[in-house]
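Report on one structure; see the data block that follows.
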Amino acid sequence: MSGRPRWWAEAALIAICYLAYSMVRNLVPADHAAAVSRAHEILKIEQMLRLDVEYELNRLFVDHVWLGVTANYYYATLHFAVTIGVLVWLYAWHPGRYVAYRWVLFGTTLTALIGFYSYPLAPPRMLPGYVDTVIEFNTWGLYDSSPVAAISNQYAAMPSLHTAWSLWCGIAIFTVAERRWVRALALAYPTVTVLVIMGTANHFILDAVGGAAVLAIGYAVSPGTLRTMAVVFQMRRSTA
């Protein structure tokens, strides 16, 4: 689609999807004991695979106050701000690419919500030995007292939507932007995000892997991908 969709229709669509996201996310079953048990299972798998880097990162963020405080605000704000900013940027300056990327984002988020409901998981900060950096440094965060606390179910950890959305932002910017420094920032953003979600003890590294997986599904189920697959399938049939 080369034309720019009507802004009011897009705003209404995004608002409806956001409200649905907020409501569905909070439907995640809140069985603390089961969620913590799954967290221990995830940790055991990571230890077996030698991927359990969360504790050391968490200690690093706790031992360096500036790092922990910065990460808290990064985690609480950029997740929404950058994603919305990229959507607006695509809509305003790259309307021909906007619709395709918007559908990928919607497909990714819907898949993540299914994951949240199917596999409620406690974050590392709820396990012994890990430190909740928001509590440690008494900063504003996503939980308990922040304005967005109502849409931040604490057991909606698998997959990591922070990872999925940051990867979506990175890919969108990298593939559309022309300036090298902008494309470099696009690659850095999801990398830093993954470090932050583990350093603040909000996610396991396997949550990040799950985030990448739901983004892949988002691409797979987007209308653009499905149309391309249909064309390829039709071409193969005609040449058979």
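Numbering (this note's numbering), first residue to last: 341 to 580.
Built from N, CA and C at the ideal position, the CB exists for glycine as well.
Q | Anticipated Cβ contact below 8 Å, Glu394 with Met538, distance rounded | A | 5 Å
Just list the alpha helix (DSSP H) runs in the segment 525-568, keeping only unbroken ones of 4 residues or longer that don't cross its boundaries, in chain order. 545-561
Just to confirm before moving on: does the CB-CB distance between Ala517 and Ala526 stay below 8 Å? yes
Open item on the list: Which same chain residues end up closer than 7 Å to Leu367 when comparing Cβ atoms and leaving out the 5 residues on each side of it in sequence?
Closed with: Hits under 7 Å: Tyr457.
Note to self: Can you tell me whether Trp480 is helix, strand or coil according to DSSP?
What the structure shows: coil
Nearest neighbour of Leu501, chosen from Arg344, Ala379, Leu555 [CA to CA] | Selected option, being the one with the closest Cα: Leu555.
*Provide the residue span of the alpha helix (DSSP H) that contains Gly447, from first to last.*
435-458
- Three-state secondary structure (DSSP) of Tyr413: helix
Compare the C-alpha of Pro530 against each of Tyr414, Ser562, Val439 and name the closest. Among Tyr414, Ser562, Val439, the Cα nearest to that of Pro530 belongs to Tyr414.
In the DSSP assignment, the alpha helix (DSSP H) including Thr502 goes from what residue to what residue? The displayed chain sequence assigns His, not Thr, to residue 502. Taken as a continuous stretch (DSSP letters only), the alpha helix (DSSP H) holding His502 covers 501-516.
(request) Drop a sphere of 10 angstroms on the beta-carbon of Trp505, count the other beta-carbons inside from all chains shown, and report buried for 16 or more, exposed for fewer. (result) buried
Exercise for review: Name the two residues that bound the continuous alpha helix (DSSP H) containing Met498.
Suggested key: Looking at the DSSP string, Met498 is not in any alpha helix (DSSP H), and its letter there is neither H nor E.
Q) In the structure shown, what three-state DSSP assignment does Asp392 receive? A) coil
Query - Best match in Tyr470, Pro463, Arg399 for proximity to Asn493 [C-alpha to C-alpha] - result: The shortest CA-to-CA distance from Asn493 to any of Tyr470, Pro463, Arg399 is the one to Pro463.
Looking at C-beta atoms only, is the number of pairs between the segment 373-389 and the segment 468-480 that lie closer than 8 Å three or more? no
**OP:** Confirm, please, whether the CB-CB distance from Ala440 to Ser562 is below 8 Å.
**Re:** yes
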